[in-house]
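Worksheet: one structure, shown below.
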Amino acid sequence: MGKAKAVIVISTFSGEAPASDIGRRMVEKGLCACVNLAPVRSIYAWKGRVEDQEEYIAFFKTTKESAAELKKELARAHPYEVPEIVEIKMSDVSRPYLSWLASSAQRVAKKRNHAAKR
């Protein structure tokens, strides 16, 4: 598998239920190893107004190799018209955590590689 590179993909949601539902689906599909959810207050410009909303932020922990497919699936599943989908590189990740993350978030990449060899 080589040296995996860890990334975090961040997205916000209108509440806990959609964040939890989409987060669970991404983990079940093997696109990320873990999703952390937390309530946040977001102040942002939208269609000429300043909005002030309670939201849930999701931190999807994955590998660089799985990030593109995760972001594509997240964009497809996200209920927002313009979803926040931001990728951040992780550095100085402990080896045991990186090993777990890579083995958990690369199931889809492995399946694609096997399908291509047929």
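Numbering (my numbering), first residue to last: 64 to 181.
Ideal Cβ positions, reconstructed from N, Cα and C, are used throughout, including at glycine.
In this text, all values refer to a predicted model and were calculated from it rather than measured experimentally.
For isoleucine 148, there is no enclosing alpha helix (DSSP H), as DSSP marks it with neither H nor E. The beta carbon of arginine 104 sits closer than 8 Å to the beta carbons of Asp115, Gln116, Glu117, Glu118 from its chain, once the five residues preceding and following it are set aside; these are given in chain order.
Shown here, alanine 67 sits in coil according to DSSP, grouped into three states, outside any helix or strand. A straight-line Cα-Cα distance of about 9 Å links leucine 161 and threonine 126. Across the set Ala69, Ala138, Pro146, Ser154, the C-alpha of Ala69 shows the shortest separation from the C-alpha of cysteine 97. No Cβ-Cβ contact shorter than 9 Å links valine 113 with isoleucine 120. Boundaries of the alpha helix (DSSP H) around alanine 168: 158 to 168.
When the alpha-carbon of alanine 67 is set against those of Val145, Ala130, Ala140, the nearest one is in Ala130. For the pair threonine 75 and glutamate 132, the CB atoms are not nearer than the 9 Å cut-off.
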